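To get the numbering used here, take the position in the sequence shown, counting from 1, and add 2. For reference, the structure discussed in these notes is given below.
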Amino acid sequence: MAEPYYVTTAISYPNGKPHIGHAYEAIAADVIARHRKAEGFDVRFQTGTDEHGLKMAQKARDLGITPAQLATEMSQHFIDMCAALNIEYDVFIRTTEARHHEATQELWRRMEANGDLYLDRYEGWYSVRDEAYYDESELVAGEGGAKLSPQGTPVEWTVEESWFFRLSKYQDKLLELYNSSDFIRPDTRRNEIQRFVEGGLRDLSVSRTSFDWGIKVPGSDNHVMYVWVDALTNYLTGLGFPDESGDYAKFWPADLHLIGKDIVRFHTVYWPAFLMSAGLPLPKQVYGHGFLLNRGQKESKSLGNVTDPIGLAETFGVDAVRYFLLREVAFGQDGSWSPEAIVTRANAELANSFGNLAQRSLSMIFKNLDGEIKVGFEESEADKALFAAVAEGIAGLRKSFTDLAFSDGLEAWMRAVFACNQYVDEQAPWTLRKTDPARMEVVLMTLFRVVRDLAIAVRPVVPNSIDKLLDQMGIATEARGYASLADADWFTALAARGFKVEKPEGVFPRLELPEGTE
Ligand code: ME8
Numbered sequence: 003m004a005e006p007y008y009v010t011t012a013i014s015y016p017n018g019k020p021h022i023g024h025a026y027e028a029i030a031a032d033v034i035a036r037h038r039k040a041e042g043f044d045v046r047f048q049t050g051t052d053e054h055g056l057k058m059a060q061k062a063r064d065l066g067i068t069p070a071q072l073a074t075e076m077s078q079h080f081i082d083m084c085a086a087l088n089i090e091y092d093v094f095i096r097t098t099e100a101r102h103h104e105a106t107q108e109l110w111r112r113m114e115a116n117g118d119l120y121l122d123r124y125e126g127w128y129s130v131r132d133e134a135y136y137d138e139s140e141l142v143a144g145e146g147g148a149k150l151s152p153q154g155t156p157v158e159w160t161v162e163e164s165w166f167f168r169l170s171k172y173q174d175k176l177l178e179l180y181n182s183s184d185f186i187r188p189d190t191r192r193n194e195i196q197r198f199v200e201g202g203l204r205d206l207s208v209s210r211t212s213f214d215w216g217i218k219v220p221g222s223d224n225h226v227m228y229v230w231v232d233a234l235t236n237y238l239t240g241l242g243f244p245d246e247s248g249d250y251a252k253f254w255p256a257d258l259h260l261i262g263k264d265i266v267r268f269h270t271v272y273w274p275a276f277l278m279s280a281g282l283p284l285p286k287q288v289y290g291h292g293f294l295l296n297r298g299q300k301e302s303k304s305l306g307n308v309t310d311p312i313g314l315a316e317t318f319g320v321d322a323v324r325y326f327l328l329r330e331v332a333f334g335q336d337g338s339w340s341p342e343a344i345v346t347r348a349n350a351e352l353a354n355s356f357g358n359l360a361q362r363s364l365s366m367i368f369k370n371l372d373g374e375i376k377v378g379f380e381e382s383e384a385d386k387a388l389f390a391a392v393a394e395g396i397a398g399l400r401k402s403f404t405d406l407a408f409s410d411g412l413e414a415w416m417r418a419v420f421a422c423n424q425y426v427d428e429q430a431p432w433t434l435r436k437t438d439p440a441r442m443e444v445v446l447m448t449l450f451r452v453v454r455d456l457a458i459a460v461r462p463v464v465p466n467s468i469d470k471l472l473d474q475m476g477i478a479t480e481a482r483g484y485a486s487l488a489d490a491d492w493f494t495a496l497a498a499r500g501f502k503v504e505k506p507e508g509v510f511p512r513l514e515l516p517e518g519t520e
C-alpha cells in the first residue's frame, strides 16, 4: 500500500482578497503534493481560510456587514485563486464549519482534562493585525514613540478575564523536540525559535470575553477561544478528528505544515504544546518559507502595489508563474518578483530551452519520419552519455524537491535540458537526414525518449503545459508519475501500438512584457 503523506498550507485570513504571498505558499504546497504523488505516495493536501478572531470582526464592522458574511464572500476568492493557479487540494477547510467547532472544542476538553487550562485575568499587549500577545520586552518603538509589535503592527493594552494554557510547563519538552528532530526548518527559523523558548515561556491567554466571533469555550459560554487555538486545530478537523479512525488514522501526524516565516512561533511553540497536552502525536515538520516581495518591497495597500494573483496567472500563464516562483526564489529565503523577471525566466528556460527542445524534436519526427516511433537500434556513446546526463538531472530534481530545495532541483533539470540542446546541435539531425538517415532515426528517437523523461520530471511544477506535451507524445495519464521513468518497456510498447506523432503544437509560448510595464 502507498505510504501516506499529509501536507498543509496555513489557512488564510479572508479579511481581504488573496495576495501574492498566499499564491506563493499555495503553489509551493501544490508542487510538494504533486511531487509526492509522482513519487508514489498517497497524498492528502489541505488548505483553507481562518475566519474567526478580532481582525475579521473589526474588518466586517468597518464594512457594515457581519463577520460571517465577510468570511463567506472572501473565502470564495481564495477558492477561486486555487482554481486559477491549478492548486489540486483535497480539502478546503473553513473554520466556521460546524465540524471544526466540534474538533476544536474536543481539543480544548483534552487540554483541560490534562490540567493545562485555568481561569485568570489577562493584562498585557495584543496586536489585532498579528492576532498575537506580546511581552513588553518584545515591543519596538514606532513613529512618535508609539509601541509596536516586533512585526511593526500596532498593539493595544488589554485587560480581561481569560483562560490560560500552561505553556511554561512545556519549555523543556519543546527544546528537546527541536534538538532531537528536524521539526523546524530551515535552520535560521529553528535557531530563532530555540532562542525564544530558551528565554522562558509564559502561560498563554487562550480565550477572550470582549467579543464573540469565535468558537465557544466548552462550559464557559461568555468566552471564545483565542483564534490561534481555533486556527491550528484545522489540521486535525480536515481529517475527521475527533473521530480517530479513517483519514485521521491514516494521515495524522502531518508530514509537513508549510507556512510563512511570520507564523513560525504559533506552529512550533503553541501547536506542539497543545498537542502534547491533548496527548496527540506531533506533526513531523514545520517549514517556514520566506516572504515574496514586489521589486524588493513588501506589497501593501498604502503603497498601491498589491498584486492580484489571478490577474498574474491571466497575464503570464499559470505555468510561467508557478515555474518562476519556484525557480527564482531560494526556498526558505525572501525573494522578489517583477514582470521582467517572470518574462525573462519563462522565456529563457521554458520557451527557448525546454519548449524549443520538445517542439523541434517532435517536429523533426513528424516531418522526417512521418511521425513514426522506431525501435531496435544501437545507441552510440553520445546517446548513452545523454541518457546518463538526463538521468542525473532528474535524480537531482527529485532529491532536491523532496528536500524542498526547488530552485536547486530545477537547476539540475535545466542542466539536463542544456545537455539535450547541445546534443541536438552536435548531432545535427538535419544534416544526417541526407548523409546518414539511419543515424538520424536514432538521434530523433533518443530525443523523443529524453523529452518524455524531462517532461515527467518537471510535471509537478508546470502540470498543464506538460500534460499538453505528453498528450502529443502518446503518454497515458496514468504513466506520468516518476515510476514510469524506470519502465524499460514504455518506448517499445508505444511503437507496438502504432502511435504516431502528429504535427506538434508548442506548449511554452514566448512571453512579452505587458504594455504599460514600467
Ligand atoms: O497568518 N510572502 O493568515 P495570513 C509569502 N490565518 N508568504 C506570505 C506573505 C508574503 N508576502 N504574506 C503572508 C495567517 N504570507 C493565519 C494562519 S494557520 C493555522 C493560520 C503567508 O492570511 C503567511 O506567512 O496572514 C502565512 O503562512 C500565509 O501567507 C497566510 O497568511
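Cβ atoms here follow ideal geometry from the backbone N, Cα and C, with glycine treated the same way. The structure presented is a predicted model; accordingly, all values stated were derived computationally and were not measured.
Among the options, the one whose alpha carbon lies nearest that of residue i
i	options	result
E383	E428, A4 and V419	E428
G262	T239, A28 and A440	A28
F198	A481, E140, M3 and P431	E140
G221	E145, Q287 and L121	L121
D336	T317, M366, A322 and K300	K300
A485	P506, Y7 and A40	A40
A251	P156, L238, G292 and L169	L238
H259	L109, A481 and T11	T11
Y272	K175, L496, S212 and G248	K175
W254	F268, T235, T270 and D264	T235
D245	Y124, H102, D137 and T155	H102
E178	E114, I195, T211 and W165	I195
T98	A350, D118 and L72	L72
I312	F167, R131, Y7 and H21	H21
T211	P152, R123 and T155	R123
Q153	P283, Y136, R46 and T270	Y136
Terminal residues of the beta strand (DSSP E) in which residue i lies
i	result
W127	L119 to S129
R168	Careful: R168 lies outside any beta strand (DSSP E) and carries neither H nor E.
T155	From DSSP, T155 is part of no beta strand (DSSP E); its letter is neither H nor E.
H259	L258 to G262
I95	V93 to R96
M2	The displayed coordinates of the chain run from 3 to 520. Any statement about residue 2 would go beyond what the structure contains.
Y425	Y425 -> not in any beta strand (DSSP E); alpha helix (DSSP H) instead, spanning F408 to Q429.
H134	The displayed chain sequence assigns Ala, not His, to residue 134. Looking at the DSSP string, the run of the beta strand (DSSP E) that includes A134 is A134 to Y136.
H291	V288 to H291
Limits of the alpha helix (DSSP H) - the one that residue i falls within
i	result
F47	Looking at the DSSP string, F47 is not in any alpha helix (DSSP H); the run it does join, the beta strand (DSSP E), is D44 to T51.
S338	Looking at the DSSP string, S338 is not in any alpha helix (DSSP H); the run it does join, the beta strand (DSSP E), is G337 to W339.
P439	P439 to V460
Neighbourhood of residue i by C-beta, 8 angstroms cutoff - its chain only, sequence neighbours within 5 removed
i	result
V33	R324, L328, F403, F408, P462 and V463
G373	I367, K502, V503 and E504
L352	D321, A322, Y325, V464, S467 and F510
A4	G42, F43 and D44
S355	M416, V419, F420 and N423
S302	V308
Residue i beta carbon near ligand 1 (any heavy atom closer than 6 angstroms)
i	result
F420	no
A12	yes
D264	yes
D52	yes
E27	yes
Y484	no
H24	yes
F293	yes
A233	yes
Y180	no
Y136	no
I261	yes
Y1	Beyond the ends of the chain as shown, which are 3 and 520, falls residue 1; an answer cannot be given.
Y272	no
Y15	yes
Neighbour flag for residue i against chain B, beta carbons, 7 angstroms
i	result
K470	Here chain B cannot be found, since the structure has a single protein chain.
Same chain only: Cβ atoms within 7 angstroms of residue i, ignoring 5 sequence neighbours per side
i	result
G411	G398, L399, S402 and F403
P516	T317 and P341
K455	Note that residue 455 corresponds to Asp in the displayed sequence, not to Lys. Excluding positions up to five away in sequence, the list reads V392, I396 and L487.
I217	H54, H103, T106, Q107, V226, M227 and D232
Same chain, Cβ closer than 6 angstroms to residue i, neighbours up to 5 away in sequence not counted
i	result
R63	none
W2	Here the chain has residues from 3 to 520 only, and residue 2 is not among them.
V509	S467, K470 and L471
K376	E443 and M447
T51	I13, S14, P16, S77, F80 and R96
R191	V266 and G290
N423	L359
P285	P255, A256 and H259
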